[in-house]
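FYI, the numbering used here numbers position 246 of the sequence shown as 259, with every residue one higher than the one before it.
Beta carbons are placed, not taken as given, at the ideal position from N, Cα and C, and that holds for glycine.
What follows is a short report on a single structure.
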Amino acid sequence: MTVHSDQPFNAEPPRAALVGATLTPLDAFYSRNHGPVPEGDAASWRLVVDGLVETPLALSLDDLRARFPEATETATLQCAGNRREGLVAVRDIPGEAPWGPTATATATWTGVRLADVLAAAGVVDGATDVEFLGADLSDEPQPPDVFGGSVPLRKAGMPEVLLAWAMNDEPLPPIHGAPLRVVVPGYIGARSVKWVQRVRVADAPSPNFFQASTYRLLPADAEVTRAPGEGVALGLVAVNSDFLSPDDGSSHPAGPLTVTGYAFAGGDRTVARVDVSTDGGTSWSQADLEEQVSPWAWRHWSSTVDLPRGETELLARAWDSSAALQPERPEQVWNPKGYVNNSWARLRLHGT
Ligand SMILES: Nc1nc2c(c(=O)[nH]1)N[C@H]1C(S)=C(S)[C@@H](COP(=O)(O)O)O[C@H]1N2
Ligand SMILES: [Mo]
Numbered sequence: 014m015t016v017h018s019d020q021p022f023n024a025e026p027p028r029a030a031l032v033g034a035t036l037t038p039l040d041a042f043y044s045r046n047h048g049p050v051p052e053g054d055a056a057s058w059r060l061v062v063d064g065l066v067e068t069p070l071a072l073s074l075d076d077l078r079a080r081f082p083e084a085t086e087t088a089t090l091q092c093a094g095n096r097r098e099g100l101v102a103v104r105d106i107p108g109e110a111p112w113g114p115t116a117t118a119t120a121t122w123t124g125v126r127l128a129d130v131l132a133a134a135g136v137v138d139g140a141t142d143v144e145f146l147g148a149d150l151s152d153e154p155q156p157p158d159v160f161g162g163s164v165p166l167r168k169a170g171m172p173e174v175l176l177a178w179a180m181n182d183e184p185l186p187p188i189h190g191a192p193l194r195v196v197v198p199g200y201i202g203a204r205s206v207k208w209v210q211r212v213r214v215a216d217a218p219s220p221n222f223f224q225a226s227t228y229r230l231l232p233a234d235a236e237v238t239r240a241p242g243e244g245v246a247l248g249l250v251a252v253n254s255d256f257l258s259p260d261d262g263s264s265h266p267a268g269p270l271t272v273t274g275y276a277f278a279g280g281d282r283t284v285a286r287v288d289v290s291t292d293g294g295t296s297w298s299q300a301d302l303e304e305q306v307s308p309w310a311w312r313h314w315s316s317t318v319d320l321p322r323g324e325t326e327l328l329a330r331a332w333d334s335s336a337a338l339q340p341e342r343p344e345q346v347w348n349p350k351g352y353v354n355n356s357w358a359r360l361r362l363h364g365t
């Protein structure tokens with residue numbers, strides 16, 4: 014793992030660790046934290062559901078298992094900071110980790126549907142948003158506060174949104190949010206709140222720092238003030254892709270070479286096509302896409318290219334099911350906090 018920081022723990026695997034597995038092994042799943050992993054014991058833990066509901070609830074894990082049907086979804090998480098290093102190369106982004114292309118991963122999540130829990134509490138008229146609050150205290154906001162965020166009520170009520178206690182059929186590891194985390198497929202990773210202890214139904218987006226002040230896309234010329242409400246709140250993940258193998262900067266005999274990667278599109282879009290170029294985008298060949306295992310999952314792809322002798326920069330670009338194409342250059346998408354670098358993937362190879 015490349016460890017971007019120890020405290021809080023932020024790490025991503027080498028590209029090679031993601032090759033060949035649509036479901037990411039837990040030891041290769043990136044970890045993104047804004048505070049320390051909270052201590053707590055699962056027996057006394059309760060999920061509070063309150064706000065604009067008829068009947069506020071306080072549910073133990075046993076209550077959740079007993080009162081609601083179990084549900085499973087395969088979904089990709091992607092951090093809004095994934096591939097930030099490509100933006101840092103354009104212009105420095107102080108205070109933000111230069112994540113590579115592997116702050117994204119896919120798991121099969123098991124728990125209960127948030128919609129079922131909201132129905133049990135009874136959402137009242139006038140509700141528009143559902144806020145999730147974790148148990149971890151971050152010192153990024155001043156004064157320090159728990160990590161949180163929200164999604165629109167219409168998304169929260171969709172069957173794919175889970176309160177999950179298992180990941181790839183294993184108990185959810187503490188670093189990934191045990192005893193319970195939210196999983197919001199199609200949205201930036203930040204909305205999938207870990208160690209969730211409160212679900213609050215509201216008539217506005219969450220005022221939590223991580224919704225109101227960060228995870229917002231500011232125009233390139235904006236100053237980072239962290240004043241609430243600036244820029245555009247990130248939600249749906251834009252179409253993106255990158256290479257997984259071979260390694261960036263590696264040498265290979267000139268001639269046929271198989272390259273692999275992933276592509277992902279959020280919202281309710283899926284990946285429709287991936288192209289690879291070895292000549293700077295003059296010509297492209299269509300990559301072979303792996304099966305779509307779930308509407309909420311990435312697709313891995315592979316392509317056998319003819320590697321020229323000498324230094325070559327391979328390019329990859331993906332289209333989603335709305336026919337949106339990744340933008341070409343990181344300069345076009347640079348923003349002061351370094352979110353959502355979905356410019357074309359680039360891989361430097363040396364043909365010998
Ligand atoms: N409570 C809590 N939930 C959180 C975070 C956090 O710091 N605290 N980080 C978020 C971010 S920014 C991302 S990208 C995902 C990462 O999930 P993972 O660490 O399980 O990969 O969790 C999200 N949920
Ligand atoms: Mo994130």
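Among residues of its own chain, excluding the 5 on either side of residue i, which ones have a beta-carbon nearer than 7 Å to its beta-carbon?
{"i": "Ser18", "result": "Ala110"}
{"i": "Pro187", "result": "Val50"}
{"i": "Pro26", "result": "Met14, Ala41, Tyr43, Thr115"}
{"i": "Val103", "result": "Pro343, Glu344, Trp347"}
What did DSSP end up calling residue i once you bin it into helix, strand or coil?
{"i": "Asp234", "result": "coil"}
{"i": "Val174", "result": "coil"}
{"i": "Glu98", "result": "helix"}
{"i": "Ala88", "result": "strand"}
{"i": "Gln20", "result": "coil"}
{"i": "Val353", "result": "coil"}
{"i": "His189", "result": "helix"}
{"i": "Gln299", "result": "strand"}
{"i": "Ala118", "result": "strand"}
{"i": "Phe81", "result": "coil"}
{"i": "Val130", "result": "helix"}
{"i": "Gly222", "result": "Reading off the sequence, residue 222 comes out as Phe, not Gly. The answer is helix: DSSP assigns Phe222 an H, G or I state."}
{"i": "Val289", "result": "strand"}
{"i": "Pro5", "result": "Nothing can be reported for residue 5, as the shown portion of the chain is limited to 14 through 365."}
{"i": "Leu74", "result": "helix"}
{"i": "Asp40", "result": "helix"}
{"i": "Ala215", "result": "strand"}
{"i": "Ala93", "result": "coil"}
{"i": "Arg167", "result": "helix"}
{"i": "Leu150", "result": "strand"}
{"i": "Arg239", "result": "coil"}
{"i": "Leu65", "result": "coil"}
{"i": "Gly274", "result": "strand"}
{"i": "Ala358", "result": "strand"}
Report yes if the C-beta of residue i is less than 7 Å from at least one heavy atom of ligand 2; otherwise report no.
{"i": "Arg45", "result": "yes"}
{"i": "Ala203", "result": "yes"}
{"i": "Ala30", "result": "no"}
{"i": "Ala93", "result": "yes"}
Among the candidates the options, whose CA atom is the shortest distance from the CA of residue i?
{"i": "Val289", "options": "Ser298, Gly99, Gly274, Arg282", "result": "Ser298"}
{"i": "Leu231", "options": "Val353, Ser296, Ala329", "result": "Val353"}
{"i": "Thr35", "options": "Asn46, Val103, Asn181, Glu236", "result": "Asn181"}
{"i": "Val287", "options": "Gly139, Ala120, Leu166, Gln339", "result": "Gln339"}
{"i": "Glu153", "options": "Pro172, Pro198, Gln20", "result": "Gln20"}
{"i": "Glu83", "options": "Glu173, Ser151, Phe222", "result": "Glu173"}
{"i": "Leu320", "options": "Arg59, Leu360, Lys168, Pro241", "result": "Leu360"}
{"i": "Asn46", "options": "Thr68, Ser316, Gly94, Gly170", "result": "Gly94"}
{"i": "Tyr275", "options": "Ser205, Ser316, Glu236, Asp75", "result": "Ser316"}
{"i": "Asp76", "options": "Val130, Ile201, Asp105, Ser151", "result": "Val130"}
{"i": "Gly323", "options": "Lys350, Arg330, Glu341, Asp292", "result": "Asp292"}
{"i": "Phe223", "options": "Met171, Val16, Asp138, Gly202", "result": "Gly202"}
Is there at least one non-hydrogen atom of ligand 1 closer than 7 Å to the beta-carbon of residue i?
{"i": "His363", "result": "no"}
{"i": "Gly124", "result": "no"}
{"i": "Phe277", "result": "no"}
{"i": "Trp357", "result": "no"}
{"i": "Lys350", "result": "no"}
{"i": "Trp58", "result": "no"}
{"i": "Lys168", "result": "no"}
{"i": "Val318", "result": "no"}
{"i": "Gly244", "result": "no"}
{"i": "Asp189", "result": "In the sequence on display, residue 189 carries His and not Asp. His189: yes, Cβ under 7 Å from ligand 1."}
{"i": "Phe160", "result": "yes"}
{"i": "Gly113", "result": "no"}
{"i": "Phe42", "result": "yes"}
{"i": "Asp149", "result": "yes"}
{"i": "Val193", "result": "Checking the displayed sequence, the identity of residue 193 turns out to be Leu instead of Val. Because no heavy atom of ligand 1 lies under 7 Å away, the Cβ of Leu193 does not count as near it: no."}
{"i": "Leu175", "result": "no"}
{"i": "Val206", "result": "yes"}
{"i": "Gly48", "result": "yes"}
For residue i, which residues from the same chain have a beta carbon less than 6 Å from its beta carbon, with the 5 sequence-adjacent residues on both sides left out?
{"i": "Asn451", "result": "Examination of residue 451 is not possible in this model, given that the chain is present from 14 through 365 alone."}
{"i": "Val61", "result": "Ala71, Arg211"}
{"i": "Arg239", "result": "Ser226"}
{"i": "Lys207", "result": "Gly147, Gly190, Arg194"}
With hydrogens ignored, establish whether the beta-carbon of residue i is closer than 7 Å to any heavy atom of ligand 3.
{"i": "His265", "result": "Summarising the ligand content, the structure contains ligand 1 and ligand 2 and does not contain ligand 3."}
Looking only at its chain, what residues have a beta carbon closer than 8 Å to the beta carbon of residue i, apart from the 5 residues adjacent to it on each side?
{"i": "Gln345", "result": "Ser356"}
{"i": "Asp281", "result": "Gly199, Pro308"}
{"i": "His265", "result": "Pro259, Leu320, Leu362, His363, Gly364, Thr365"}
Quick check for students: name the residue ranges of the beta strand (DSSP E) that lie wholly in the segment 305-343, counting only runs of 3 or more.
When DSSP assignments are scanned along the segment 305-343, the uninterrupted stretches of beta strand (DSSP E) that are 3 or more residues long and fall wholly within it turn out to be 312-320, 323-333.
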